[in-house]
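S.K.: Numbers in our numbering are just positions in the sequence shown, counted from 1, shifted up by 704.
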Amino acid sequence: MVLALALLGVAVAAWLARVPLQGVAHVQDEIVYELQARVLSEGRLWEEARLPRAAHVFPFVVNEAPTDAHPLGRRYGIFPNGWPLVLAPGVALGLSWLVNPLLHGLLVLVGARLAAATAGPRAALLAAAFLALSPGLLLQAGSRMSHPLCALLAALAALLVAQGPTPRRALALGGALGLLLLTRPVDALALALALALFAPSGARGAWWPAGPPLLLAVGLTLAQNHLLTGDWRLFPQHAWFGAGEPPFPSPAFRFVPGCNALGFGPDIGCEPTFGSLGHTPEKALRGALHNGGLAAKLWLGSPLLLALALAAPARLRNLAGGSWALLALGYGLYWYAGPCLGGRFHHAAAPLVVVAAAAGADALAARLRLPALTPGLLLAAAAWRLSLALPELPGHWGVDARIAQLQARWKDGPALVFVAYGPPWTTPVDLAQTAGSTMSYSAIQRRGMWIEQRQGPLRFAEYQPELVQATAQALGPDLPRLLLVLTGDPGTDRLGPLPSPEPAQQPDLPLPVEPFAVDPTTAPPALPPAVAPADGGGSLDP
(Lines of atoms letter the chains of each structure in order from A and count residues from 1; the text may use other names and numbers.)
(Lines give C-alpha, C1' and ligand atoms only; values in the text may rest on other atoms or scores of the structure.)
Protein backbone atom coordinates (compact mmCIF):
# COMPACT_ATOMS: atom_id res chain seq x y z
CA MET A 1 0.00 0.00 0.00
CA VAL A 2 2.87 2.39 0.76
CA LEU A 3 4.37 1.69 -2.66
CA ALA A 4 1.01 2.38 -4.30
CA LEU A 5 0.80 5.72 -2.48
CA ALA A 6 4.34 6.57 -3.59
CA LEU A 7 3.42 5.84 -7.21
CA LEU A 8 0.30 7.97 -6.80
CA GLY A 9 2.47 10.84 -5.55
CA VAL A 10 4.76 10.46 -8.56
CA ALA A 11 1.79 10.49 -10.92
CA VAL A 12 0.21 13.62 -9.41
CA ALA A 13 3.53 15.49 -9.33
CA ALA A 14 4.29 14.48 -12.93
CA TRP A 15 0.83 15.68 -13.99
CA LEU A 16 1.47 19.02 -12.28
CA ALA A 17 4.81 19.32 -14.07
CA ARG A 18 3.41 18.48 -17.51
CA VAL A 19 -0.07 20.02 -17.52
CA PRO A 20 -0.47 23.13 -15.30
CA LEU A 21 3.26 23.91 -15.48
CA GLN A 22 3.43 22.89 -19.17
CA GLY A 23 6.63 20.86 -18.86
CA VAL A 24 8.89 23.95 -18.74
CA ALA A 25 10.86 25.77 -16.09
CA HIS A 26 9.20 28.95 -14.82
CA VAL A 27 11.07 30.53 -11.91
CA GLN A 28 14.45 32.15 -12.60
CA ASP A 29 16.15 29.64 -10.31
CA GLU A 30 14.70 26.69 -12.22
CA ILE A 31 15.94 28.05 -15.54
CA VAL A 32 19.44 28.55 -14.16
CA TYR A 33 19.42 25.07 -12.62
CA GLU A 34 18.67 23.66 -16.07
CA LEU A 35 21.61 25.59 -17.51
CA GLN A 36 23.90 24.22 -14.81
CA ALA A 37 22.56 20.68 -15.25
CA ARG A 38 23.07 20.82 -19.02
CA VAL A 39 26.64 22.05 -18.66
CA LEU A 40 27.40 19.40 -16.03
CA SER A 41 25.91 16.69 -18.24
CA GLU A 42 28.48 17.75 -20.85
CA GLY A 43 31.29 17.22 -18.32
CA ARG A 44 31.98 20.93 -17.76
CA LEU A 45 31.59 23.55 -15.04
CA TRP A 46 30.95 26.32 -17.55
CA GLU A 47 30.33 26.81 -21.24
CA GLU A 48 31.64 29.46 -23.60
CA ALA A 49 30.16 32.93 -23.26
CA ARG A 50 27.15 33.86 -25.36
CA LEU A 51 28.11 36.90 -27.38
CA PRO A 52 27.32 39.71 -27.61
CA ARG A 53 26.71 39.65 -23.90
CA ALA A 54 24.09 42.41 -23.87
CA ALA A 55 21.85 40.19 -26.01
CA HIS A 56 22.00 37.27 -23.56
CA VAL A 57 21.50 38.71 -20.08
CA PHE A 58 19.62 36.68 -17.49
CA PRO A 59 19.40 36.86 -13.69
CA PHE A 60 21.77 34.60 -11.76
CA VAL A 61 23.85 33.76 -14.85
CA VAL A 62 27.46 34.88 -15.18
CA ASN A 63 28.32 35.58 -18.83
CA GLU A 64 31.98 36.60 -18.75
CA ALA A 65 33.66 38.35 -21.65
CA PRO A 66 36.62 36.50 -23.25
CA THR A 67 39.94 36.86 -21.45
CA ASP A 68 43.48 35.57 -21.95
CA ALA A 69 42.76 32.78 -19.47
CA HIS A 70 39.43 31.93 -21.14
CA PRO A 71 39.53 33.03 -24.78
CA LEU A 72 35.93 31.92 -25.39
CA GLY A 73 34.62 33.51 -22.21
CA ARG A 74 32.64 31.65 -19.58
CA ARG A 75 28.93 31.26 -18.90
CA TYR A 76 27.57 29.49 -15.82
CA GLY A 77 24.88 29.65 -13.13
CA ILE A 78 25.67 30.97 -9.69
CA PHE A 79 24.00 28.30 -7.56
CA PRO A 80 25.67 25.33 -5.81
CA ASN A 81 25.97 22.32 -8.09
CA GLY A 82 24.47 19.62 -5.83
CA TRP A 83 20.96 19.80 -7.29
CA PRO A 84 22.08 20.41 -10.90
CA LEU A 85 24.21 17.27 -10.61
CA VAL A 86 21.10 15.24 -9.70
CA LEU A 87 19.06 17.00 -12.39
CA ALA A 88 21.71 16.46 -15.09
CA PRO A 89 20.65 12.93 -16.19
CA GLY A 90 17.09 14.15 -16.67
CA VAL A 91 18.28 17.09 -18.75
CA ALA A 92 20.48 14.81 -20.87
CA LEU A 93 17.50 12.53 -21.54
CA GLY A 94 15.06 15.37 -22.17
CA LEU A 95 13.13 14.39 -19.03
CA SER A 96 14.11 17.10 -16.57
CA TRP A 97 10.43 17.60 -15.68
CA LEU A 98 10.32 14.04 -14.29
CA VAL A 99 13.25 14.18 -11.85
CA ASN A 100 11.46 15.92 -8.98
CA PRO A 101 8.32 13.75 -9.25
CA LEU A 102 10.54 10.67 -8.92
CA LEU A 103 12.27 12.20 -5.90
CA HIS A 104 8.82 12.84 -4.43
CA GLY A 105 8.02 9.15 -4.75
CA LEU A 106 11.23 8.26 -2.92
CA LEU A 107 10.33 10.77 -0.23
CA VAL A 108 7.03 8.96 0.38
CA LEU A 109 8.89 5.67 0.86
CA VAL A 110 11.53 7.17 3.14
CA GLY A 111 8.96 9.13 5.15
CA ALA A 112 6.86 6.01 5.69
CA ARG A 113 9.90 4.18 7.02
CA LEU A 114 10.68 7.11 9.31
CA ALA A 115 7.13 6.97 10.68
CA ALA A 116 7.38 3.19 11.15
CA ALA A 117 10.68 3.54 13.03
CA THR A 118 9.36 6.23 15.37
CA ALA A 119 5.60 5.63 15.66
CA GLY A 120 4.68 2.21 14.29
CA PRO A 121 3.25 0.63 11.13
CA ARG A 122 -0.18 2.30 11.22
CA ALA A 123 1.47 5.71 11.37
CA ALA A 124 3.68 4.67 8.44
CA LEU A 125 0.67 4.12 6.17
CA LEU A 126 -0.90 7.40 7.22
CA ALA A 127 2.42 9.21 6.73
CA ALA A 128 2.73 7.80 3.22
CA ALA A 129 -0.74 9.10 2.35
CA PHE A 130 -0.08 12.54 3.87
CA LEU A 131 3.28 12.86 2.10
CA ALA A 132 2.05 11.60 -1.26
CA LEU A 133 -0.75 14.17 -1.41
CA SER A 134 0.73 17.08 0.54
CA PRO A 135 -0.05 20.21 -1.51
CA GLY A 136 3.23 21.92 -0.63
CA LEU A 137 5.34 18.87 -1.42
CA LEU A 138 3.50 18.28 -4.69
CA LEU A 139 3.84 21.90 -5.86
CA GLN A 140 7.59 21.81 -5.34
CA ALA A 141 7.79 18.32 -6.90
CA GLY A 142 6.15 19.66 -10.05
CA SER A 143 8.90 22.26 -10.40
CA ARG A 144 12.62 22.08 -11.10
CA MET A 145 13.53 23.74 -7.82
CA SER A 146 16.11 22.22 -5.48
CA HIS A 147 13.79 21.90 -2.50
CA PRO A 148 12.35 18.41 -3.19
CA LEU A 149 15.89 17.02 -3.10
CA CYS A 150 16.49 18.84 0.18
CA ALA A 151 13.29 17.42 1.65
CA LEU A 152 14.28 13.89 0.62
CA LEU A 153 17.78 14.24 2.08
CA ALA A 154 16.38 15.64 5.33
CA ALA A 155 13.95 12.74 5.68
CA LEU A 156 16.70 10.23 4.87
CA ALA A 157 19.06 11.75 7.44
CA ALA A 158 16.32 11.65 10.09
CA LEU A 159 15.54 8.00 9.25
CA LEU A 160 19.19 6.97 9.52
CA VAL A 161 19.53 8.62 12.91
CA ALA A 162 16.24 7.10 14.12
CA GLN A 163 17.42 3.61 13.12
CA GLY A 164 20.58 3.96 15.19
CA PRO A 165 24.29 4.09 14.32
CA THR A 166 26.12 1.49 12.28
CA PRO A 167 29.17 2.20 10.11
CA ARG A 168 27.08 1.91 6.93
CA ARG A 169 24.33 4.18 8.25
CA ALA A 170 26.88 6.71 9.45
CA LEU A 171 28.49 6.80 6.02
CA ALA A 172 25.07 7.22 4.40
CA LEU A 173 24.24 10.01 6.85
CA GLY A 174 27.44 11.83 5.89
CA GLY A 175 26.58 11.39 2.21
CA ALA A 176 23.04 12.74 2.69
CA LEU A 177 24.20 15.75 4.68
CA GLY A 178 27.09 16.29 2.26
CA LEU A 179 24.82 16.38 -0.78
CA LEU A 180 22.51 18.70 1.15
CA LEU A 181 25.49 20.95 1.84
CA LEU A 182 26.32 20.96 -1.89
CA THR A 183 22.71 21.90 -2.64
CA ARG A 184 21.62 24.39 0.04
CA PRO A 185 24.24 25.00 2.75
CA VAL A 186 21.85 26.72 5.17
CA ASP A 187 19.51 23.72 5.03
CA ALA A 188 22.42 21.36 5.76
CA LEU A 189 23.64 23.36 8.74
CA ALA A 190 20.15 23.72 10.22
CA LEU A 191 19.33 20.03 9.84
CA ALA A 192 22.69 18.86 11.17
CA LEU A 193 22.23 21.03 14.25
CA ALA A 194 18.68 19.76 14.74
CA LEU A 195 19.85 16.15 14.54
CA ALA A 196 22.62 16.86 17.04
CA LEU A 197 20.22 18.59 19.46
CA PHE A 198 17.09 16.46 19.21
CA ALA A 199 18.26 13.00 18.13
CA PRO A 200 18.88 10.29 20.75
CA SER A 201 21.99 11.11 22.73
CA GLY A 202 23.27 7.57 23.08
CA ALA A 203 26.20 6.32 21.00
CA ARG A 204 26.83 9.66 19.30
CA GLY A 205 30.47 8.74 18.93
CA ALA A 206 29.49 5.88 16.63
CA TRP A 207 28.50 8.38 13.93
CA TRP A 208 32.12 9.39 13.17
CA PRO A 209 32.12 7.73 9.67
CA ALA A 210 29.77 10.55 8.62
CA GLY A 211 32.71 12.95 8.82
CA PRO A 212 34.65 12.09 5.63
CA PRO A 213 31.70 12.60 3.22
CA LEU A 214 30.93 15.90 4.92
CA LEU A 215 34.54 17.04 4.61
CA LEU A 216 34.50 16.02 0.94
CA ALA A 217 31.41 18.18 0.38
CA VAL A 218 33.09 21.12 2.07
CA GLY A 219 36.17 20.63 -0.11
CA LEU A 220 34.10 20.47 -3.30
CA THR A 221 32.27 23.65 -2.32
CA LEU A 222 35.51 25.54 -1.72
CA ALA A 223 37.00 24.16 -4.94
CA GLN A 224 33.98 25.33 -6.95
CA ASN A 225 34.29 28.77 -5.40
CA HIS A 226 37.95 28.95 -6.41
CA LEU A 227 37.37 27.72 -9.96
CA LEU A 228 34.49 30.10 -10.63
CA THR A 229 35.40 33.21 -8.63
CA GLY A 230 39.13 32.83 -8.05
CA ASP A 231 38.63 32.93 -4.27
CA TRP A 232 37.75 29.84 -2.26
CA ARG A 233 35.90 32.04 0.26
CA LEU A 234 33.75 33.84 -2.33
CA PHE A 235 30.57 32.08 -3.43
CA PRO A 236 29.41 32.71 -7.02
CA GLN A 237 26.11 34.10 -5.68
CA HIS A 238 27.90 36.83 -3.76
CA ALA A 239 30.24 37.55 -6.65
CA TRP A 240 27.32 37.96 -9.07
CA PHE A 241 25.43 40.37 -6.85
CA GLY A 242 28.59 42.37 -6.30
CA ALA A 243 29.73 42.48 -9.93
CA GLY A 244 27.68 45.55 -10.82
CA GLU A 245 26.12 43.96 -13.93
CA PRO A 246 22.57 43.14 -12.90
CA PRO A 247 20.02 42.57 -15.67
CA PHE A 248 17.40 44.86 -14.15
CA PRO A 249 19.14 47.88 -12.63
CA SER A 250 17.29 50.62 -10.85
CA PRO A 251 18.15 53.20 -8.23
CA ALA A 252 16.19 50.99 -5.84
CA PHE A 253 18.63 48.08 -6.32
CA ARG A 254 22.03 47.95 -4.68
CA PHE A 255 24.13 45.30 -6.36
CA VAL A 256 27.45 45.90 -4.63
CA PRO A 257 29.99 43.61 -2.93
CA GLY A 258 28.65 42.31 0.35
CA CYS A 259 24.98 43.08 -0.28
CA ASN A 260 24.11 39.36 -0.47
CA ALA A 261 25.83 38.41 2.79
CA LEU A 262 24.08 36.91 5.79
CA GLY A 263 23.39 39.14 8.76
CA PHE A 264 21.83 42.44 9.69
CA GLY A 265 22.64 46.04 8.94
CA PRO A 266 21.94 48.89 6.52
CA ASP A 267 24.49 47.54 4.01
CA ILE A 268 22.93 44.06 3.85
CA GLY A 269 20.40 43.46 1.09
CA CYS A 270 20.65 43.90 -2.67
CA GLU A 271 17.15 45.21 -3.31
CA PRO A 272 14.36 46.62 -1.18
CA THR A 273 12.44 44.24 1.06
CA PHE A 274 9.37 45.18 3.07
CA GLY A 275 9.66 48.70 1.69
CA SER A 276 13.31 49.56 2.27
CA LEU A 277 16.93 48.52 1.84
CA GLY A 278 18.88 46.97 4.67
CA HIS A 279 18.12 43.93 6.80
CA THR A 280 16.86 43.98 10.37
CA PRO A 281 15.63 41.46 12.95
CA GLU A 282 12.14 42.87 12.45
CA LYS A 283 12.33 42.03 8.72
CA ALA A 284 13.67 38.59 9.57
CA LEU A 285 10.66 37.95 11.81
CA ARG A 286 8.25 39.15 9.12
CA GLY A 287 9.90 36.89 6.55
CA ALA A 288 9.82 33.91 8.90
CA LEU A 289 6.15 34.45 9.69
CA HIS A 290 5.33 34.81 6.00
CA ASN A 291 7.13 31.60 5.04
CA GLY A 292 5.73 29.83 8.08
CA GLY A 293 2.20 30.84 7.20
CA LEU A 294 2.56 29.59 3.64
CA ALA A 295 4.06 26.33 4.91
CA ALA A 296 1.31 25.82 7.45
CA LYS A 297 -1.35 26.19 4.78
CA LEU A 298 0.32 23.96 2.20
CA TRP A 299 2.08 21.16 4.01
CA LEU A 300 -1.11 19.57 5.37
CA GLY A 301 -3.88 21.56 3.73
CA SER A 302 -4.80 23.58 6.80
CA PRO A 303 -2.79 25.32 9.54
CA LEU A 304 -5.06 23.68 12.13
CA LEU A 305 -3.77 20.24 11.18
CA LEU A 306 -0.27 21.17 12.36
CA ALA A 307 -1.59 20.71 15.88
CA LEU A 308 -1.69 16.97 15.19
CA ALA A 309 2.10 16.92 15.42
CA LEU A 310 1.82 17.75 19.12
CA ALA A 311 0.45 14.24 19.70
CA ALA A 312 3.39 12.57 17.95
CA PRO A 313 6.09 10.74 19.94
CA ALA A 314 8.33 13.28 21.66
CA ARG A 315 11.46 12.36 19.73
CA LEU A 316 9.81 12.83 16.35
CA ARG A 317 7.89 15.93 17.46
CA ASN A 318 11.02 17.63 18.77
CA LEU A 319 13.07 16.82 15.68
CA ALA A 320 10.37 18.15 13.33
CA GLY A 321 9.75 21.32 15.32
CA GLY A 322 13.45 21.89 15.96
CA SER A 323 14.34 21.51 12.28
CA TRP A 324 11.63 23.96 11.27
CA ALA A 325 12.66 26.48 13.91
CA LEU A 326 16.34 26.28 13.01
CA LEU A 327 15.58 26.71 9.30
CA ALA A 328 13.51 29.79 10.14
CA LEU A 329 16.37 31.17 12.25
CA GLY A 330 19.00 30.39 9.63
CA TYR A 331 17.10 31.98 6.75
CA GLY A 332 16.21 34.89 9.01
CA LEU A 333 19.81 35.98 8.51
CA TYR A 334 19.21 36.24 4.77
CA TRP A 335 17.83 39.51 3.46
CA TYR A 336 15.36 37.96 0.99
CA ALA A 337 12.28 36.17 2.35
CA GLY A 338 12.00 33.91 -0.73
CA PRO A 339 8.40 32.69 -0.93
CA CYS A 340 7.84 30.67 -4.08
CA LEU A 341 5.50 27.70 -4.50
CA GLY A 342 5.04 27.86 -0.74
CA GLY A 343 7.46 28.56 2.10
CA ARG A 344 10.41 27.18 0.16
CA PHE A 345 13.09 28.30 2.61
CA HIS A 346 11.46 26.07 5.24
CA HIS A 347 10.81 23.20 2.87
CA ALA A 348 13.49 20.81 4.15
CA ALA A 349 11.49 20.50 7.39
CA ALA A 350 8.25 19.72 5.54
CA PRO A 351 8.52 15.90 5.49
CA LEU A 352 9.46 15.78 9.17
CA VAL A 353 6.47 17.95 10.13
CA VAL A 354 4.09 15.96 7.90
CA VAL A 355 5.33 12.64 9.32
CA ALA A 356 4.94 14.00 12.85
CA ALA A 357 1.38 15.10 12.05
CA ALA A 358 0.58 11.65 10.65
CA ALA A 359 2.01 10.00 13.76
CA GLY A 360 -0.01 12.38 15.93
CA ALA A 361 -3.20 11.65 13.96
CA ASP A 362 -2.62 7.92 14.41
CA ALA A 363 -2.04 8.32 18.15
CA LEU A 364 -5.18 10.44 18.59
CA ALA A 365 -7.29 8.03 16.52
CA ALA A 366 -6.17 5.13 18.68
CA ARG A 367 -6.68 7.06 21.93
CA LEU A 368 -10.08 8.51 21.08
CA ARG A 369 -11.27 5.62 18.91
CA LEU A 370 -12.04 7.93 16.01
CA PRO A 371 -13.70 6.40 12.94
CA ALA A 372 -11.55 5.21 10.08
CA LEU A 373 -12.94 8.02 7.91
CA THR A 374 -10.87 10.59 9.79
CA PRO A 375 -7.68 10.12 7.70
CA GLY A 376 -9.80 10.53 4.58
CA LEU A 377 -11.12 13.84 5.85
CA LEU A 378 -7.59 15.04 6.54
CA LEU A 379 -6.50 14.11 3.03
CA ALA A 380 -9.56 15.86 1.63
CA ALA A 381 -8.32 19.06 3.26
CA ALA A 382 -4.99 18.62 1.46
CA ALA A 383 -6.71 18.03 -1.88
CA TRP A 384 -8.85 21.15 -1.33
CA ARG A 385 -5.75 23.27 -0.68
CA LEU A 386 -4.05 21.94 -3.80
CA SER A 387 -7.11 22.75 -5.89
CA LEU A 388 -6.88 26.37 -4.71
CA ALA A 389 -3.29 26.60 -5.94
CA LEU A 390 -3.86 25.08 -9.38
CA PRO A 391 -5.21 28.24 -11.06
CA GLU A 392 -1.99 30.07 -10.18
CA LEU A 393 0.31 27.63 -11.98
CA PRO A 394 -0.23 28.24 -15.74
CA GLY A 395 2.07 31.10 -16.66
CA HIS A 396 3.60 31.03 -13.16
CA TRP A 397 5.90 34.03 -12.65
CA GLY A 398 4.99 35.29 -16.11
CA VAL A 399 6.59 32.33 -17.92
CA ASP A 400 4.83 29.77 -20.09
CA ALA A 401 5.57 27.26 -22.85
CA ARG A 402 4.84 29.43 -25.89
CA ILE A 403 8.49 29.52 -27.08
CA ALA A 404 8.84 25.76 -26.71
CA GLN A 405 5.64 25.42 -28.73
CA LEU A 406 7.02 27.79 -31.35
CA GLN A 407 10.10 25.59 -31.70
CA ALA A 408 7.95 22.47 -32.04
CA ARG A 409 5.68 23.99 -34.69
CA TRP A 410 8.25 25.81 -36.77
CA LYS A 411 8.41 24.41 -40.31
CA ASP A 412 10.41 27.00 -42.24
CA GLY A 413 13.97 25.93 -41.45
CA PRO A 414 16.67 27.54 -39.29
CA ALA A 415 16.24 31.20 -38.38
CA LEU A 416 17.57 33.76 -35.92
CA VAL A 417 14.84 35.23 -33.73
CA PHE A 418 15.40 38.56 -32.00
CA VAL A 419 13.12 38.85 -28.98
CA ALA A 420 11.61 42.15 -27.88
CA TYR A 421 9.05 42.65 -25.15
CA GLY A 422 5.60 44.04 -25.57
CA PRO A 423 3.34 45.22 -22.80
CA PRO A 424 2.46 43.09 -19.80
CA TRP A 425 -1.11 42.07 -19.11
CA THR A 426 -2.22 45.39 -17.62
CA THR A 427 -0.32 47.89 -19.77
CA PRO A 428 -2.31 49.10 -22.84
CA VAL A 429 0.78 50.18 -24.81
CA ASP A 430 1.37 48.80 -28.30
CA LEU A 431 5.16 49.19 -28.31
CA ALA A 432 7.82 46.52 -28.03
CA GLN A 433 10.63 47.18 -25.57
CA THR A 434 13.78 45.51 -24.37
CA ALA A 435 15.45 45.31 -20.99
CA GLY A 436 16.67 48.36 -19.15
CA SER A 437 16.18 50.54 -16.15
CA THR A 438 12.49 51.20 -16.87
CA MET A 439 11.50 47.74 -18.14
CA SER A 440 8.86 45.98 -16.08
CA TYR A 441 9.80 42.90 -14.15
CA SER A 442 7.37 40.86 -16.24
CA ALA A 443 9.56 41.42 -19.31
CA ILE A 444 12.59 40.13 -17.42
CA GLN A 445 10.64 37.02 -16.51
CA ARG A 446 9.65 36.52 -20.16
CA ARG A 447 13.32 36.06 -21.00
CA GLY A 448 12.99 32.75 -19.21
CA MET A 449 10.95 31.45 -22.13
CA TRP A 450 13.85 31.60 -24.58
CA ILE A 451 17.16 32.15 -22.76
CA GLU A 452 18.03 28.43 -22.48
CA GLN A 453 16.43 27.20 -25.72
CA ARG A 454 18.84 24.70 -27.28
CA GLN A 455 16.58 22.38 -29.27
CA GLY A 456 14.99 23.06 -32.62
CA PRO A 457 15.79 25.18 -35.68
CA LEU A 458 15.36 28.60 -34.05
CA ARG A 459 18.13 30.51 -32.29
CA PHE A 460 17.18 33.32 -29.92
CA ALA A 461 18.75 36.55 -28.73
CA GLU A 462 17.43 39.73 -27.18
CA TYR A 463 16.76 42.49 -29.69
CA GLN A 464 19.22 45.34 -29.30
CA PRO A 465 19.19 47.48 -32.48
CA GLU A 466 22.87 48.37 -32.16
CA LEU A 467 23.84 44.71 -31.78
CA VAL A 468 21.95 43.08 -34.64
CA GLN A 469 25.00 42.55 -36.81
CA ALA A 470 27.19 41.33 -33.95
CA THR A 471 24.48 38.95 -32.77
CA ALA A 472 23.96 37.57 -36.25
CA GLN A 473 27.70 37.11 -36.68
CA ALA A 474 27.85 35.10 -33.45
CA LEU A 475 24.72 32.98 -33.98
CA GLY A 476 24.42 32.65 -37.74
CA PRO A 477 25.24 35.37 -40.27
CA ASP A 478 23.38 33.59 -43.07
CA LEU A 479 20.20 32.83 -41.12
CA PRO A 480 16.95 34.69 -41.85
CA ARG A 481 16.29 37.29 -39.16
CA LEU A 482 12.94 37.55 -37.43
CA LEU A 483 11.57 39.82 -34.71
CA LEU A 484 9.33 38.30 -32.05
CA VAL A 485 7.41 40.74 -29.86
CA LEU A 486 6.78 38.67 -26.74
CA THR A 487 3.94 40.19 -24.76
CA GLY A 488 2.32 39.43 -21.46
CA ASP A 489 -0.72 38.13 -23.31
CA PRO A 490 0.18 35.26 -25.68
CA GLY A 491 -2.73 36.20 -27.91
CA THR A 492 -1.01 39.47 -28.85
CA ASP A 493 2.48 38.12 -29.63
CA ARG A 494 3.78 39.15 -33.05
CA LEU A 495 6.36 37.54 -35.29
CA GLY A 496 7.70 38.78 -38.61
CA PRO A 497 10.81 39.80 -40.56
CA LEU A 498 13.26 41.98 -38.65
CA PRO A 499 13.10 45.61 -39.82
CA SER A 500 16.35 46.95 -41.25
CA PRO A 501 18.38 48.31 -38.33
CA GLU A 502 19.11 52.01 -38.40
CA PRO A 503 21.36 52.62 -35.34
CA ALA A 504 25.12 52.37 -35.73
CA GLN A 505 26.25 48.85 -35.04
CA GLN A 506 28.42 47.93 -32.05
CA PRO A 507 30.42 44.76 -31.22
CA ASP A 508 28.91 44.77 -27.72
CA LEU A 509 27.35 47.13 -25.20
CA PRO A 510 27.89 47.60 -21.47
CA LEU A 511 25.48 45.76 -19.23
CA PRO A 512 22.75 46.72 -18.80
CA VAL A 513 21.57 48.61 -21.87
CA GLU A 514 18.95 51.33 -22.05
CA PRO A 515 15.38 50.54 -23.13
CA PHE A 516 14.12 51.24 -26.61
CA ALA A 517 10.84 50.98 -28.52
CA VAL A 518 9.98 49.49 -31.89
CA ASP A 519 8.18 51.80 -34.29
CA PRO A 520 4.59 50.51 -34.42
CA THR A 521 4.51 51.09 -38.19
CA THR A 522 7.30 48.51 -38.58
CA ALA A 523 6.24 46.16 -35.80
CA PRO A 524 5.74 42.59 -37.00
CA PRO A 525 2.29 41.29 -37.89
CA ALA A 526 0.32 38.61 -36.16
CA LEU A 527 1.87 35.16 -36.15
CA PRO A 528 1.97 33.47 -39.56
CA PRO A 529 0.10 30.21 -40.20
CA ALA A 530 3.37 28.27 -39.97
CA VAL A 531 3.43 28.78 -36.21
CA ALA A 532 -0.26 29.43 -35.50
CA PRO A 533 -2.27 26.76 -33.71
CA ALA A 534 -4.43 24.32 -35.62
CA ASP A 535 -7.49 26.54 -35.39
CA GLY A 536 -5.70 29.27 -37.35
CA GLY A 537 -5.61 31.87 -34.58
CA GLY A 538 -2.73 34.23 -34.03
CA SER A 539 -1.58 32.84 -30.69
CA LEU A 540 1.24 30.60 -29.53
CA ASP A 541 -1.05 28.99 -26.98
CA PRO A 542 -1.95 25.33 -27.63
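Beta carbons are placed, not taken as given, at the ideal position from N, Cα and C, and that holds for glycine. Quick caveat: nothing in here was measured; it's all calculated off a predicted structure.
1) Determine the DSSP secondary structure at residue 768, reduced to helix, strand or coil.
2) Of the residues 878, 845 and 854, which one's Cα is nearest the Cα of residue 727?
3) When the Cα atoms are used, what is the spatial distance from residue 721 to residue 975?
4) Terminal residues of the continuous beta strand (DSSP E) containing residue 1198?
5) For residue 1136, does the three-state DSSP call read helix, strand or coil?
6) Using the DSSP secondary-structure output, state which residues sit across from residue 778 in a beta bridge.
7) Considering only the beta carbon of each residue, do residue 1013 and residue 956 sit closer than 7 Å?
8) Distance, Cα to Cα, residue 960 vs residue 1023?
9) I want to know whether the region 736-749 touches the region 793-800 - three or more CB-CB distances under 8 Å.
10) With a threshold of 7 Å on Cβ separation, who are the neighbours of residue 939 within its own chain once the five nearest residues in sequence on each side are excluded?
11) The beta strand (DSSP E) spanning residue 1162 covers which residue range?
12) CB residue 858 to CB residue 895, shorter than 7 Å?
13) Report the start-end ranges of each alpha helix (DSSP H) in the region 870-938 that is 4 residues or longer and not cut off at the edges.
14) One question on the structure: do residue 764 and residue 782 come within less than 7 Å of each other, judged by their Cβ atoms?
15) Determine the contact status of residue 786 and residue 753, defining contact as a CB-CB distance below 7 Å.
16) Give me the Cβ distance between residue 892 and residue 881, rounded to the nearest whole Å; I'm assuming they're in contact under 8 Å.
17) Would you identify the three-state DSSP class for residue 786, choosing helix, strand or coil?
18) Can you give me the Cβ contacts of residue 1232 inside the same chain, cut-off strictly under 6 Å, excluding the 5 residues immediately before and after it?
19) If you run the structure through DSSP and keep just helix, strand and coil, what is residue 1059?
20) Mind checking residue 998: buried by the 16 CB within 10 Å criterion, or exposed?
21) Between residue 1192 and residue 1102, which are expected to be in contact by the criterion C-beta below 8 Å, what is the C-beta distance as a whole number of angstroms?
22) I need the boundaries of the beta strand (DSSP E) containing residue 1187, first residue and last residue.
23) Going by the CB atoms, is the gap between residue 1162 and residue 839 shorter than 7 Å?
24) Between the alpha carbons of residue 886 and residue 1071, how many angstroms are there, rounded?
25) Among 705, 713 and 708, whose alpha-carbon lies nearest the alpha-carbon of residue 1086?
26) Under the rule that 16 or more other beta-carbon atoms within 10 Å means buried, what is residue 769, buried or exposed?
27) Tell me the DSSP secondary structure of residue 1096 in three-state form.
28) For a test of the three-state rule: what should DSSP assign to residue 980, helix, strand or coil?
29) Just mark residue 851 as buried or exposed, buried being the case when its beta carbon has 16 or more other beta carbons within 10 Å.
30) Are the C-beta of residue 997 and some C-beta of chain E separated by less than 7 Å?
31) Within 10 angstroms of its Cβ, does residue 1143 collect 16 or more other Cβ (buried), or is it exposed?
32) What three-state label does DSSP hand residue 1053 in the structure shown?
33) Tell whether a beta-carbon distance below 7 Å holds between residue 865 and residue 910.
34) Any idea which residues DSSP pairs residue 1170 with across the strands?
35) Checking the sheet assignment: what are the DSSP bridge partners for residue 1119?
36) With 16 as the cutoff for other CB atoms within 10 Å, does residue 759 come out buried or exposed?
M.R.: Let's see:
1) strand
2) 845
3) 31 Å
4) 1198-1201
5) The predicted model places residue 1136 with a pLDDT of 37, which falls under 50 and marks its position as unreliable, so this point remains unresolved.
6) 768
7) no
8) 38 Å
9) yes
10) 929
11) 1162-1166
12) yes
13) 871-887, 889-902 and 915-933
14) yes
15) no
16) 6 Å
17) helix
18) Summary for residue 1232: the model assigns pLDDT 47, below 50, so the residue's position carries little reliability, and this model does not support an answer.
19) helix
20) buried
21) 7 Å
22) 1185-1190
23) no
24) 43 Å
25) 713
26) exposed
27) helix
28) strand
29) buried
30) Structure shown: chain E not included; a single protein chain is present.
31) Confidence in residue 1143 is poor, its pLDDT being 45 and thus under 50, which makes the residue's placement too unreliable to answer from.
32) helix
33) no
34) Answer is none; residue 1170 lacks a bridge partner.
35) 1162
36) buried
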